[in-house]
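Novice: Questions regarding the structure given below will be posed in turn.
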Amino acid sequence: MTATTLSRPGASAGTASAPAATARTARPRRYLMCRPTHFEVSYAINPWMDPAEPVDTGLAVAQWERLYRLFRELGHRVDLIDPLPGLPDMVYAANGATVVDGRVLGARFRNAERAAEGPAYLEWFRARGFATHDPAHVNEGEGDILLTGRYLLAGRGFRSVSAGHAEAQEFLGRPVVGLDLVDPRFYHLDTALSVLDGEEIMYYPGAFSAGSRRVLQQLFPDAVLVDEADAEAFGLNVVSDGLHVIHPEPAAGVAARLRERGFRPIAMDLSELLKGGGSVKCCTLEIRE
0 MTATTLSRPG
10 ASAGTASAPA
20 ATARTARPRR
30 YLMCRPTHFE
40 VSYAINPWMD
50 PAEPVDTGLA
60 VAQWERLYRL
70 FRELGHRVDL
80 IDPLPGLPDM
90 VYAANGATVV
100 DGRVLGARFR
110 NAERAAEGPA
120 YLEWFRARGF
130 ATHDPAHVNE
140 GEGDILLTGR
150 YLLAGRGFRS
160 VSAGHAEAQE
170 FLGRPVVGLD
180 LVDPRFYHLD
190 TALSVLDGEE
200 IMYYPGAFSA
210 GSRRVLQQLF
220 PDAVLVDEAD
230 AEAFGLNVVS
240 DGLHVIHPEP
250 AAGVAARLRE
260 RGFRPIAMDL
270 SELLKGGGSV
280 KCCTLEIRE
């Protein structure tokens, strides 16, 4: 993989004063994914799910396969966990755990419909020799816990809870910054905020409480700010390897802002999986060894 150096662009429309684009380097990652063999929308536990809307499972698998192949083409390692019948949301692998320094914090789901996913993912890691922790409190994996260079940014308000954040800090040994989500459309942190590289993030301010916005402004003054339209298109549910940022196809504004910062955005059509309330990041759990 190669680094790309770009000249300084003008200020981004999404930030007060965008910093100069820098040399970007793609770093090989290891991901865990789950093929959507049993994907359907048979219940509604977030605003995006409508059991009355038809779902084409074959199309969902084809879209997922394209994402899987893209990761491999970019040089990343992708492991697969077997999908289990009766768990249609298991495709959203990011919710299955949080992995930092080879330590795996299991997920404990708020909704009964997804409860069996946590043990299934934790067993996958345990069988491969990872240090694992079965959580006592609700946390929904990387759906609500995102790692920057210094912090674990942890969402709460709709799914994960503060006690789960404390549990994450104790087991993973990284300082946790709790962020309050206030818009039910953005029920997980990874629908409202994404980590691009180290301490570089982008987020939609309207998804957060006033106090959490002030915290984000203090910690990440050069963050890319995303507007409501791109956030609704799941433009923050992205995966970045430090250079390439894979994002949902409709989020054109996000792509433009990423280019200004020297990233290479890659659009991906995951429209069928969006019917369950997830996109690129939701389908991708990073294994940090």
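Positions 0 to 288 (numbering that gives the first Met the number 0) are the ones given, in order, by the sequence shown. The beta carbon of each residue, even a glycine, is placed where N, CA and C say it ideally should be.
1. Looking at the structure shown, is Glu-271 part of a helix, part of a strand, or coil, going by DSSP?
2. I need the DSSP call for Tyr-150, collapsed to helix, strand or coil.
3. Could you check whether Ile-44 and Glu-112 sit closer than 8 Å to each other, using their CB atoms as the reference points?
4. Please classify Leu-79 as buried or exposed, where buried requires at least 16 other C-beta atoms within 10 Å of its C-beta.
5. Note down, in chain order, each residue of its chain lying with its Cβ closer than 6 Å to the Cβ of Thr-97, except the 5 sequence neighbours on either side.
6. Please go through the same chain and pick out, in chain order, the residues whose beta-carbon is closer than 7 Å to the beta-carbon of Ile-200, but skip the five residues on each side of it.
7. Can you tell me the Cα-Cα spacing of Val-225 and Thr-24, whole angstroms?
8. Between His-246 and Glu-166, what straight-line distance do the alpha-carbon atoms span, to the nearest angstrom?
9. Using only alpha-carbon positions, find the residue among Pro-183, Met-32, Asp-268, Gly-277 that is nearest to Asp-81.
10. Below 8 Å between beta carbons: does that hold for Glu-271 and Val-54?
11. By how many angstroms is the C-alpha of Arg-127 removed from the C-alpha of Gly-101?
12. Would you call the CB atoms of Tyr-120 and Gly-95 closer than 8 Å?
13. Determine contact between the stretch 240-256 and the stretch 267-283, defined as no fewer than three beta-carbon pairs at a distance below 8 Å.
14. Measuring alpha carbon to alpha carbon, tell me which of Ser-211, Arg-184, Ala-230 ends up nearest Trp-47.
15. Just tell me which of Arg-28, Gln-168, Phe-129, Val-90 has its CA closest to the CA of Pro-35.
16. Identify the continuous alpha helix (DSSP H) that holds Gly-66 and give its terminal residues.
17. Buried or exposed for Glu-259, going by 16 or more other Cβ atoms inside 10 Å?
18. On the criterion of 16 or more Cβ atoms from any shown chain inside 10 Å, does Pro-87 qualify as buried, or is it exposed?
19. Could you give the first and the last residue of the continuous alpha helix (DSSP H) run that contains Pro-118?
20. Is it the case that the Cβ atoms of Arg-28 and His-75 are separated by a distance below 8 Å?
21. Secondary structure at Glu-285, three-state DSSP: helix, strand or coil?
22. Given Ala-115, which residues of its chain have a CB within under 8 Å of its CB, disregarding the five upstream and five downstream residues?
23. Might you give, ordered along the chain, the residues of its own chain that have their beta carbon closer than 6 Å to the beta carbon of Pro-174, omitting 5 neighbours on each side?
24. Check each candidate in Ala-255, Ala-254, Ser-239 and name the one with the smallest Cα separation from Leu-66.
25. Kindly indicate which residue of Asp-49, Phe-38, Leu-73 has the alpha-carbon position closest to the one of Trp-63.
26. On a CA-only basis, which of Lys-280, Val-244, Ala-51, Glu-227 is nearest Tyr-203? Give me that one, please.
Specialist: Taking the geometry as given:
1. Within the sequence shown, residue 271 is the residue found at index 272, counting from 1. When secondary structure is reduced to three states using DSSP, Glu-271 falls in the helix class.
2. By 1-based counting over the sequence shown, the position of residue 150 is 151. In this structure, Tyr-150 counts as coil in the three-state DSSP scheme.
3. The residue given as residue 112 occupies position 113 in the sequence shown. The residue given as residue 44 occupies position 45 in the sequence shown. Contact flag set, yes.
4. In the sequence shown, counting from the first residue as 1, residue 79 sits at position 80. Exposed, because fewer than 16 other Cβ atoms sit within 10 Å of the Cβ of Leu-79.
5. Sequence index remark: in the sequence shown, residue 97 carries index 98 (1-based). By the criterion of a C-beta distance shorter than 6 Å, Thr-97 is surrounded in its chain by Leu-104, Gly-140, Glu-141, Ile-144, once the five residues flanking it on both sides are discounted.
6. The residue labelled residue 200 in the question sits at position 201 within the sequence shown. Correct list, in chain order: Thr-147, Leu-192, Ser-193, Val-194, Phe-219, Ala-222.
7. On the sequence shown, residue 225 is found 226 positions in, with the first residue counted as 1. On the sequence shown, residue 24 is found 25 positions in, with the first residue counted as 1. Distance between the alpha carbons of Val-225 and Thr-24: 23 Å.
8. For the purposes of this step, residue 246 is taken as residue 247 along the sequence shown, with counting starting at 1. For the purposes of this step, residue 166 is taken as residue 167 along the sequence shown, with counting starting at 1. So the alpha carbons of these two residues sit roughly 30 Å apart.
9. Residue 81 sits at position 82 when you count from the first residue of the sequence shown. Ranking the options by Cα distance to Asp-81, first place goes to Met-32.
10. Sequence index remark: in the sequence shown, residue 271 carries index 272 (1-based). Sequence index remark: in the sequence shown, residue 54 carries index 55 (1-based). Yes, they are a contact pair.
11. For the purposes of this step, residue 101 is taken as residue 102 along the sequence shown, with counting starting at 1. For the purposes of this step, residue 127 is taken as residue 128 along the sequence shown, with counting starting at 1. Rounded to whole angstroms, the separation of the alpha carbons of Arg-127 and Gly-101 is 11 Å.
12. Stepping through the sequence shown from its first residue, residue 120 is reached at position 121. Stepping through the sequence shown from its first residue, residue 95 is reached at position 96. Taking the C-beta atoms as reference points, Gly-95 is found nearer than 8 Å to Tyr-120.
13. Enough Cβ pairs lie closer than 8 Å, so yes.
14. Numbered from 1 along the sequence shown, position 48 holds the residue referred to as residue 47. Here the closest residue by C-alpha is Arg-184.
15. Position 36 of the sequence shown, counted from the first residue, corresponds to residue 35. Checking every option, the nearest Cα to that of Pro-35 belongs to Val-90.
16. If you number the sequence shown from 1, residue 66 lands on position 67. At residue 66 the sequence reads Leu, which differs from the Gly that was named. Counting along the chain, the alpha helix (DSSP H) containing Leu-66 begins and ends at 56-72.
17. As a working note, residue 259 is residue 260 in the sequence shown. Here Glu-259 is buried. Its C-beta has 16 or more other C-beta atoms within 10 Å.
18. Position 88 of the sequence shown, counted from the start, is the residue given in the question as residue 87. With 16 or more Cβ atoms within 10 Å of its Cβ, Pro-87 is classed as buried.
19. As a working mapping, residue 118 is identified with position 119 in the sequence shown. Counted as a single uninterrupted DSSP element, the alpha helix (DSSP H) harbouring Pro-118 occupies residues 116-125.
20. Sequence index remark: in the sequence shown, residue 28 carries index 29 (1-based). Sequence index remark: in the sequence shown, residue 75 carries index 76 (1-based). Yes, the pair counts as a contact, with Cβ atoms nearer than the cut-off.
21. Here residue 285 refers to the residue found at position 286 when the sequence shown is read from its first residue. Here Glu-285 carries a strand assignment [DSSP, helix/strand/coil].
22. Taking the first residue of the sequence shown as 1, we reach residue 115 at position 116. Cβ neighbours of Ala-115 beyond the five flanking positions: Leu-83, Gly-85, Leu-86.
23. Position 175 of the sequence shown, counted from the first residue, corresponds to residue 174. Around Pro-174: Tyr-150.
24. The count along the sequence shown starts at 1 and reaches residue 66 at position 67. Distances from the alpha-carbon of Leu-66 to those of Ala-255, Ala-254, Ser-239 put Ser-239 closest.
25. If you number the sequence shown from 1, residue 63 lands on position 64. Of Asp-49, Phe-38, Leu-73, the residue nearest in Cα terms is Phe-38.
26. Stepping through the sequence shown from its first residue, residue 203 is reached at position 204. The residue from Lys-280, Val-244, Ala-51, Glu-227 with its alpha-carbon nearest to that of Tyr-203 is Glu-227.
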